[in-house]
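Residue numbers (my numbering): 8 to 390.
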Ligand SMILES: Cc1ncc(COP(=O)(O)O)c(C=O)c1O
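Structure representation (structure tokens):
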């Protein structure tokens, strides 16, 4: 199997991740505040927060909280920020994990206005600025599009948001571990991430960060294993990780984050960009193939379509006949397809990780070439 669906979940995982997960499961359980030997429980979770802080550019790692992934984090952040009644902006590139909570948590969010992106999926800070007003509580920005791979200028959008008194919430689901992130330096107020993509953790892990000083309240309450007699909390004095934590998952996430730091995020970004550049050049040479996004350095995602073939059929053929796994359709980001012109059927999405190789890119190019020439042959026959 040539696995090129890394933007969904990375595979294979580095061996250190498999080992960390297995040994956490094999060890005597230790919870966050429920006892355990040094190096287990809280210590291990804080160590994971420190590693994540280095990847996300966050120095206040105590304000990084674990969750079951970006979707869980988006719900926590949208529920917890002071958005009530306010208007929010979300870009046309957002994933449904942002759009759906924004549009359905109606008692927390007022009006949602969509900031349009260009034909490659790029959002201009000037466009955001022109739409901001005194009633805007927050701007939601997808750092790296999971459809076109386009990377947004987070610092410029954050500055625009702050000039109008709005918060900047960054969805780093596709960028964490793949593209350098400087949340503190860019002025990010809240950030969501997931564990099982570029951070090489397991499914069902992730988290969010909220800058100190930003008013925030929890959307879940429960046991934390300490201060058990206390039943109510005052504003600003909450605990955000109630319930038994996914300790094996967090151990795997720490191992994945440590792997990313050892390899170096910039080195990973360079490798992934080089792989996609090779793919882009190969696919560009094929007449029936249309590429989306732009050719500038982007995230580890590339979308294409083949004229005359639905993306779902192309993906079916790639897997069935060539053993290549990609993903077809709208990729849970419905609005961006209007901008890039793929609203009807979506795209074929190829996504790579640090584990993929040039040979795999060549294999995909050859498979697409064969599909295209098969179509030419059928066309000629009918003609
Ligand atoms: C940009 C973006 N945001 C959020 C998510 C949701 O991540 P998860 O499914 O881990 O909650 C994804 C997943 O594909 C994504 O691509």
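By construction, the Cβ of each residue, glycine as well, lies at the ideal position given by its N, Cα and C atoms. Here the structure is a predicted model, which means the values were calculated and not measured.
Subject >> For residue 85, the first and last residue of its enclosing alpha helix (DSSP H) >> reply: 77-87
Original post:
residue 356 to residue 89, Cα distance in whole Å?
Top reply: 36 Å
Subject >> Meets three-Cβ-pair contact criterion under 8 Å: the region 287-298 and the region 370-379 >> reply: yes
Subject >> Beta-carbon proximity list for residue 307, same chain, < 6 Å, skipping 5 on both sides >> reply: 185, 279, 358 and 359
**OP:** Using only alpha-carbon positions, find the residue among 206, 234, 136 and 349 that is nearest to residue 428.
**Re:** With the chain covering 8 to 390 only, the question about residue 428 has no answer from this structure.
**OP:** Determine the DSSP secondary structure at residue 118, reduced to helix, strand or coil.
**Re:** coil
Original post:
Touch check for the region 120-131 and the region 94-105: three-plus C-beta pairs under 8 Å?
Top reply: yes
Original post:
If you measure from the CB of residue 185, is any heavy atom of ligand 1 nearer than 7 Å?
Top reply: no
Original post:
Using the C-alpha atoms, what's the distance from residue 245 back to residue 336?
Top reply: 41 Å
Original post:
Which word fits residue 91, buried or exposed, when buried means at least 16 other C-beta atoms lie within 10 angstroms of its C-beta?
Top reply: exposed
Subject >> Local conformation of residue 151 per DSSP, three classes >> reply: strand
**OP:** Report yes if the C-beta of residue 104 is less than 7 Å from at least one heavy atom of ligand 1; otherwise report no.
**Re:** yes
**OP:** Could you name the residues that DSSP lists as bridge partners for residue 178?
**Re:** 149 and 199
Original post:
If you measure from the CB of residue 203, is any heavy atom of ligand 1 nearer than 7 Å?
Top reply: yes
Original post:
Which partner residues of residue 311 appear in the DSSP bridge assignment?
Top reply: 298 and 355
**OP:** Determine the contact status of residue 127 and residue 155, defining contact as a CB-CB distance below 8 Å.
**Re:** yes
Original post:
Bridge partners of residue 267, per DSSP?
Top reply: None, per the DSSP bridge assignment.
Subject >> C-alpha distance - residue 219 paired with residue 70, whole-angstrom precision >> reply: 7 Å
**OP:** Using beta-carbon positions only, say whether residue 214 and residue 256 come within less than 8 Å of one another.
**Re:** no
**OP:** Pull up the DSSP beta-bridge partners for residue 74, would you.
**Re:** 213
Original post:
Looking at the unbroken beta strand (DSSP E) that takes in residue 333, where does it start and where does it end?
Top reply: Run containing residue 333: none; DSSP gives neither H nor E here.
**OP:** Return helix, strand or coil for residue 111, following the three-state DSSP convention.
**Re:** helix
Original post:
By Cβ distance below 8 Å, which residues in the same chain neighbour residue 65 in space, the five residues on each side in sequence not counted?
Top reply: 59, 71, 190, 191, 198 and 216
Original post:
Does the beta carbon of residue 339 fall short of 7 Å from some heavy atom of ligand 1?
Top reply: yes
**OP:** Decide yes or no for the touch test of the region 300-320 against the region 142-159: beta carbon pairs closer than 8 Å, at least 3 of them.
**Re:** yes
Subject >> Where residue 274 falls, given that 16 or more other Cβ within 10 Å makes a residue buried >> reply: exposed
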